[in-house]
Structures are given as structure tokens and as C-alpha cells.
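In the order they appear, the protein sequences are chains A and B. Take the first sequence: its letter number 487 is residue 487 in the UniProt record's numbering, and every next letter is one higher. Take the second sequence: its letter number 159 is residue 159 in the UniProt record's numbering, and every next letter is one higher. C-beta atoms are modelled at their ideal positions from N, C-alpha and C, and glycine is treated no differently. This report refers to the structure that appears directly beneath it.
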Amino acid sequence: MTTTKEVKSVTGITVRLAGDSGDGMQLLGTQLTNTSALAGNDVATFPDFPAEIRAPRGTRAGVSGFQVQFAREEIFTPGDTLDALVVMNPAAMVTNLGDLRKGGILIANEDGFNDKEFKLANVESNPLDASVIEETYRVFKVPMTALTRDAVSQHGLSPKIADRCKNFFAMGLVYWLFGRSLEPTLRFISDKFGKKPDVAAANEAALRAGWAFGETTEAFGESYQVEAAELTPGTYRNIMGNQALALGLVAASKVSGKDMFYGTYPITPASDILHELTRFKNFGVRTFQAEDEIAAVCATIGAAFGGTMAVTASSGPGIALKAEAMGLGMMLELPMIVINVQRGGPSTGLPTKTEQSDLLQAMFGRNGESPIPILAPRSPGDCFDIAVEAWRIATECMVPVMLLSDGYIANGSEPWRIPELSDLPKIEITHPEANDGEPFLPYLRDENLSRPWAIPGTEGLTHRVGGLEKEHETGNVSYDPKNHQDMVRRRAEKVAKIAERIPEQDIFGETSGDLLVVSWGGTYGACHTATKRCQEAGHSVSHIHLRYINPMPRNIGTLLRSFKKVIVPELNMGQLRMLLRAEYLVDCIGFNKVQGKPFTISELVEAIESNMPAAASKNAAAVSKAG
Amino acid sequence: MSLPVLKAADFASDQDIRWCPGCGDYSILAQMKKVLPELGVPREKIVFISGIGCSSRFPYYMNTYGMHSIHGRAPTFATGLKSTRPDLMVWVITGDGDALSIGGNHFIHVLRRNLDVNIVLFNNRIYGLTKGQYSPTSTEGQITKSTPMGSIDHPLSPLSVALAAEATFVARSMDANVKHLGDVLKRAAQHKGTSLVEVYQNCNVFNDGAMAYAQEKKQRADNVVELEHGKPLVFGHDNEKGIRLVGNHLEIVQRSEVPDDDLLIHDEQDPNPSIQMMLARMRYPEMPEPMGVLRAVTGVATYNDQINDQVALAKTKKGEGDLEALFRAGDTWEVE
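Listed below in C-alpha cells is the structure:
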């Protein structure tokens, strides 16, 4: 359907959809994201929902939101301030309005604004009626519930079911406003509700009615169009972080010729990895929903001992439970992947909110000297590559590898360029066979300091492993003091040597200058974009983003020392900063936020600018003005 | 070509055994080495997995594959291994503290899943490795290093727990009765599904003689009833006593006073565990304690079979996984 009204071309739009947690906002957001991605835009999303399944209806605690930015240029975040905000009730309005830019579009479901809802939202009067609202924003009050009821009346649904279609009405209106095609969502409706034809027909009618409302009502004078982005050529799909992790794991299992065992216990925000992997049984994936986190990781070690690709995942509290077993896995020197999809901590913390505060837990959260490699994806799509890389390192070095994702990456999505199978790295795995007459040495090390992965069932290689200290080469239990120190050193050296087989750190910007921004994990997009803006403003600032955290790339020390100042933005109280200062004796400055929310670009720009050396800063301001 | 015939000595590893002199563990180790060659399973196809405790040093002493893991978790390591390598024969070696305290949760779950592994639970009713604290099976009032005024915990019966978890094979034997122990271990090995063998094991350092009533020849006849499928429950020096079911409880009778037809006939194959549970609850000194196989139910699907069957079924239904198709599932678009 094409509009007859004026269409204004814009470079990008940031929109947030907010309503009650039963209003279907996540569904609406996902559909808008997919449709925008299919239109060729670059997209980035930020779903934000309460920890409760159904927080009390209509209250501020029950507000569920979904933010998406779609653009015709490459973007790395879901955007800072909103160009448009759609709210289904007063609670959604008052909790989200602060992020809408002046002059931005506010679309409100007028039917959701009544005395009962005001009371639930804890507001004294109708917030839409405040004169400041009309003066500050472009406000559209739409009686969505009533219009939806009219639109679906012929399908004979109960009022309750009919009212549930109002998110599709809102979707139709949003689609009209931003020139989105209805087709992908119509396909979705027919796939999802195919078995309930009346519901499918009603949702379709609501979607079309929303679009038609935009087209016919006098209120909207123009709509907006975002052209396709110029992305690297290839075939794309939209992907969420946890989905990409699951695909990366399956790909790793295939390229290494191994079946996969995935042992886990449900926990937010890691559970979706399990949900994805259970669908891949025909790839040889065995998923085990254990009785607890400890059982999950121990079963994973059992599978690794048997020669299978072994993976476990959890979030912070579950990783705490897995700590003892991870120490065992490290001592047994068996390959496996341990995924931590971080969330707000400590303890149960903020289960549905993002944070990066398990880095030190990953580094040191085990008893004794227990180093393990740590990798961190930087975006939803990067989860795929990092999963394959984690398995490569695990098998080359015979060691559990920790992978630090986070809630922001896990639930966020972006266009993902589908890799060619031939581009995937090959992972060669060999298991030793008996050498006639030679005694088998299970802890004899190769040039990587890695021991052989001898698996049960192989004649002539019977051996015993365990958590008691090993004698060098024979693997027998040893309490010899010098042997213990020697083994501690060898295990640490093995992990340190991984630095020789990972790429050097790349840098965005000059290799020396006034200020270096150092980040890791899910803050990549915000840090990259903020750096870019500061560079454009004439500042001497560069950015490095660590995907390898233990060990770090070989050139990190040199890079850190090549700048006058180093700033380390993190969604924690300064954990990477502590590691960098300890390892490289460089006086890094922290920029820390622990609010369960990702960084905005503007707060990072401010942090960078406030740390620029005064002279350079003045100079840049002049450049900026001149520009 | 015929397979080489193995002997008990072939299953001995080159490691020095470091249990206390006189420990009941030696006897269990000896019976295991004797039984394994009779099973016809190659050494390299056998894996021993243990937790922590005196008993859990067991894998080091066997010339098979083995893993000495962490406290209480041996059943979970076994789950990962057996689920992915159903071709292996997996033994779990554990103790009363390991299996029932820290590992209580995993003990229940491995049994209810009916993973095809064999659990041998050494029960000496004391913590040996940590030097003498009471265990979940210690008797009420037992004076130990951590209970100077006597234990106030009610003891847990591994057999009752196993039956409550609807385990398919539940048995008891003891270290001193070597032939009986060997026979029970063999039957456990041959069972498809989780087998649990509780072994009364004397800790001569911290709890010496705790189960003398069941172990010493002089007392044993009066305090133990040996179970045999299809046979009546009789015991005593001259088998002069029997057990009969009256209403919903078991009682001891003199065979001279009641006809043998009144005695309880042991049915290890009864899928209803109620009477087997009554046997598990017979405790010294009120009742003789059962020895032998309480329950051996066949035909229950195993976890390892089912997890692998689902993979096979998925392959039949959807075909062998195709990465390219998986990557391209759903809506995709081209950028030129």
C-alpha cells in the first residue's frame, strides 16, 4: 500500500513502543525491527521489560518497552533520544516521556487514559492534558481500543480478545507513519495464528485499520521514509544475540565434526540459548535441562571427557554455582565452553536488566590459581563468531573457555550478514590412539602446552583424571610441592600463550593521541559511535574494543601507553580498568554506570570531552564551531 | 579372534592404595576387580566416576578410565558422559556423605531419570575423610567429633530415598560378605537403568563396628534377612524365623507357629514399590535388615536411550542438519 500524503525522507528514526507488559509491545517491536531490516535499513534494538511475568497491570512497574533505531547508514546502538514514542497507557507515558526529544512524535492510545488508569499509574490528572506536552511534542491522541473494536467487530471475537488486537492497530499506524510494508507482518500473522482463523483475520483487520487510520485522518499530514542502508554486500537476516550464539555453537560443532552436548538450567537472560538449541537435535545437539546449575556444568564436563563438544550457559548467579566445577574442568584440562549472559547483580540483582559486572568473577571466581580464557562478543551478530572462536581455543588448548555476553546483546538484534560455509574456520580435532607398548602420558604437553584429549573407549589409553594435583606428564596424584608449583605455572602459561594465536588488537582512529577509549562487551556500539562523533568534532581520540579479555592481545600495553589519557567506560564499577591498571601499570580513568541500562552515546561523548586535555579540547571546540 | 580373557589383576592400576589398613573399601575393590572380568566388557569401555571422600579414591585404583570429580556431583558427570557415550559402562562410586548430603539432589535425579549407570554407595555412617563427623546415615544420638552430645539428625535411608525416586534397581550388600557383594554387583551391572547398591562398609578408624550386627557371623543370622526373588522371607541361625505382612505392616513370626504360606514372598519385580519400601524400612534392632536385591524392574526407558533416540528421530524427520539452510531460515534480504 502506498500513501497519498507527503513523504519526508529522513536518515534514521528512533522509536520506542511502550505499554503494559500484557500489551504485546515486544511482539510489536520485533515485527517493526524485522520489517525495517527487510527494507534494507540497518537496525538496532533494545527490548526492556519487567522482571515479573505480569507485573500489576497499568502500573509503572508493569511497563514493557521496545526501542528500535532504523537508519540508512550503519548504526551501532538503538539510539539515545527518541524521535517517536508510542504509549498505550499513562504509566507508559510518564515513565518514557523523558527520552522523547523536543518536537518528537508522541502517539497515545487515548482509550488507555482514564481515571482508573491514572490511579494505577499514580498520576493525579491526565498527563496528556498538560499544556507543556502539546507545546513540547507533536501529540497524536488516537482512540486505539475503540477503533480496534470497530475494525474487528465482524470477526465475532469476545471484547477481551478483540481488545488484544490493539497492538496490531498501533503497529499498522506506526507502519504507515514510517513507510513500512505490511507484508512481512501479514505473513507472520498467518503463520502464527493460522490455526485460529478468526484471530488471524482480526489481527490482520486491526493492522490494516491502523495503517488506514494514518492515511485518512487529518491529524497526520506527512509520513517518513528511511532509505536502505549501504551495508557490505551479501545475504542478511535479522538476528538476536542469543540466537546468534546458538547458531555459532552449532556451526562450531559442525566444522569440528563433533556432536554437541548442552547442559544448562533455566535462567534469565540465558534461557533462549537452550530454547534455540533444542530445535537443532537433527544437528546432533543433545540438550540437558539439569536439576541445577552445578549438575549442568558437571554433566558438561562429563560429556567433554567422553569426547563431545560440551557447552554450558547461565547468568551471574548460576555461574557462581558453577565455579567449583569450572575449576575442575580447568584442572582436568578438558575443552568446553561456559557462557555467562550477564545481568544486573549481585545475587539475584536485576534479572531482566543488563550489566557487565561479572568480569572479575570470570577472571578470579574460582578457588586456587585457576586461569581460564575469556572472550566477549561485542554485538548480537558477533555472538556467532565468538562462539566459533571460543571452541577453537578450547580445543587447541584443552581448557574451558568463558564467554561473557550480556542481557543487552542477548535480547538486542541487528542485521547479520550470513556467512558462507567456506568462510567458516576449520577446527581440526584429533584424539590420540595407543602407541604400541609405550605407556600413555595423559598430561604430556605439546607446543601449545596442551595435553592429549584421550577419550574413553580407546584401547591402551586408560587413565584417571581428577581434581587432586597432577604429576607432570603421568597425571598421577601428586602432593610434591615443587610439582604443584610447576603445574600451576604450566597451566597459567598455557592460557597466556593463547595471546600468540589471536589477532593483535585493532584500533579505531590514530594509534596515538590525546585520549584512548577502551571498552569490552556490549558497550561497543555506544563507545564506537561516541568516539566517531568526537573524532568528527576534531578531538584526538581513538577507540579499542576488546573481544579477547584473557589473555589480552599482545599489543594492548603499547596502545595504552601511546595516549595521554585512557578512559574505560563500563557498565560496572571499574572491573576492566582494574585489570588494565594491574597488568599494564597505566592510569586508566573509569566511566562507570550501573543502572541496568546501556550507555547512551551522548553521555559517552560528554565523558570523552570532559577528559580531553584542555588545549586540545579548546582547539576542537573552535573546529567544531567553524564547521 | 577371541577376546583376551581378563583376570582381576588386569583391572588393578599401578597406583598405591591409600585406604587405612583394615578398611572395608579393600573388600569392595577386590569384588569389583573380580566381577568385571566376568562381564566381558573391555577395560577401555569402562569408566569409574566418583565424588569426594574415602570411597571416591576408588577410580585411581582401577585400570580403566576414571574421573575423581567434586563432592556429591558424580551422578551428574556420569549423566553427561553416558548421554553422549552410551557405548560405555559407567560406574558411580560414592559414600553416604557424598551421595546423601551434598549430593542428595543429584542422587534423586539420576535415579528418577533412570540413566543406565551403576551406583555403588559405600555406607559407613560416618565422615571418614574429614575425620569423624556424623553423616546423614549416622544413628540418632551418635557421639562424634561434631556431635559431642549426640546427633539430633534423623538418619536417611538410601534405599528408601531410591525407592521414593522410583529407582528401577535397588539393592544392599556388605563389605564382609564377599560372595554376596560380588553377586549383587554383577546383577547391578547387568541391569539396564540406574542401579543402586548400598554397601555396608566398616570404618575401623572412626566408626568401628557400627554395623557389626549385620556383619559379624555370630549376630548376622538374627539381624539380617537375605532376599531372594520368589522366595519367602526367612532368617535366623536355623532359618527359624520369618516375616509376614499383616495389614499394612511387616512382623516377625516363628515358623514353628505359622504355616509357611503366610510368609511374605519377595517380589523384586513388582512395579509397585510399596512392599519393597516396607522392606527398606526394616531397621535394626526392631527388625532384621534386608540384604540383596529389593527391586529390579525392567522395561523402563533409560535417559541415555531417550536423549539419543530423539536425536535419531529428529534426523529421520528433518534430515541431517544443514547449516546453510539453518542460517537462512526465516526472512532474509540481499544487499547488492
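Item, Value
"Per DSSP, cross-strand counterpart(s) of E198(B)", "L121(B) and R172(B)"
"Residues bridged to D8(A) (per DSSP)", "Just to set this straight, residue 8(A) is Lys in the shown sequence, not Asp. K8(A) is bridged to Y224(A)."
"Close beta carbons around A626(A), own chain, < 8 Å, minus the five adjacent residues each side", "Residue placement at A626(A) cannot be trusted, given a pLDDT of 48 that sits under 50; what the coordinates show is reported in the next sentence. So no residue of the chain qualifies."
"DSSP bridge partner residues for K241(B) (one or two, in chain order)", "F235(B) and Q254(B)"
"For H191(B), the residue or residues it bridges with in DSSP", "Partner(s): none; H191(B) has no beta bridge."
"8 Å Cβ cutoff, residue 633(A) in contact with chain B", "Since the first and last residues shown for chain A are 1 and 627, residue 633(A) lies out of range."
"Beta-carbon separation (whole angstroms), L559(A) vs V465(A), contact threshold 8 Å", "Going by Cβ atoms, the distance from L559(A) to V465(A) rounds to 40 Å, so no, they are not a contact pair."
"Strand pairing of F563(A), partner residues [DSSP]", "G513(A)"
"Collapsed DSSP secondary structure at N242(A) in the structure displayed", "helix"
"Partner residues on chain B for N476(A), Cβ-Cβ distance less than 7 Å", "Q15"
"Contacts around N340(A), its chain only, beta-carbon distance under 6 Å, and the 5 residues preceding and following it disregarded", "I319, D358 and L404"
"Bridge partners - Y65(B), DSSP secondary structure assignment", "V47(B)"
"N- and C-terminal bounds of the beta strand (DSSP E) containing M282(B)", "From DSSP, M282(B) is part of no beta strand (DSSP E); its letter is neither H nor E."
"Beta carbon of D98(B) nearer than 8 Å to that of G72(B)", "yes"
"Given 8 Å, three or more beta-carbon pairs between the stretch 75 to 91 of chain A and the stretch 183 to 190 of chain A", "no"
"Chain-ordered residues of the stretch 253 to 279 of chain A with a beta carbon less than 8 Å from chain B", "K254, D259, F261 and G263"
"Option nearest Q271(B) by Cα separation, candidates V300(B), P4(B) and K34(B)", "Residue identity differs from the one stated: residue 271(B) is Pro in this sequence, not Gln. Here the closest residue by C-alpha is V300(B)."
"Neighbourhood of C534(A) by C-beta, 7 Å cutoff - its chain only, sequence neighbours within 5 removed", "V541, V605, I608 and E609"
"Whole runs of the alpha helix (DSSP H) within the stretch 406 to 451 of chain A, excluding any shorter than 4 residues", "407 to 411"
"Contacting residues, own chain, Cβ-Cβ under 7 Å from L38(A) (five flanking each side not counted)", "P184"
"Alpha-carbon spacing of T147(B) relative to S253(A), whole angstroms", "52 Å"
"Test: G627(A) CB closer than 8 Å to a CB of chain B", "Caution is warranted here: a pLDDT of 40 is assigned to G627(A), below 50, making its placement in the model unreliable, and no coordinate value can be reported."
"The stretch 284 to 296 of chain A in contact with the stretch 63 to 79 of chain B per 3-pair CB rule at 8 Å", "yes"
"Cβ neighbour criterion (16 or more within 10 Å) applied to R18(B)", "exposed"
"Euclidean distance between Cα positions of I393(A) and P553(A)", "14 Å"
"Beta-carbon spacing of A314(B), K281(A) below 8 Å", "yes"
"C-beta contact flag for V335(B) and G525(A) at 8 Å", "no"
"Neighbour flag for K45(B) against chain A, beta carbons, 8 Å", "yes"
"For S314(A) and P90(A), the rounded distance between their alpha carbons", "36 Å"
"The stretch 287 to 299 of chain B / the stretch 216 to 236 of chain B touching (three or more Cβ pairs under 8 Å)", "yes"
"Residues near L274(A) by beta carbon distance below 8 Å, same chain, minus five either side", "Y262, T264, P266, T287, Q289 and A313"
"8 Å Cβ cutoff, A313(A) in contact with chain B", "no"
"Same chain, Cβ closer than 6 Å to P452(A), neighbours up to 5 away in sequence not counted", "P432"
"Contacts around A212(B), its chain only, beta-carbon distance under 7 Å, and the 5 residues preceding and following it disregarded", "Q219"
"Closer than 9 Å at the beta carbon, the chain B residues around N34(A)", "G330 and D331"
"Buried versus exposed call for I53(A) [16 or more other C-beta atoms within 10 Å across all chains shown]", "exposed"
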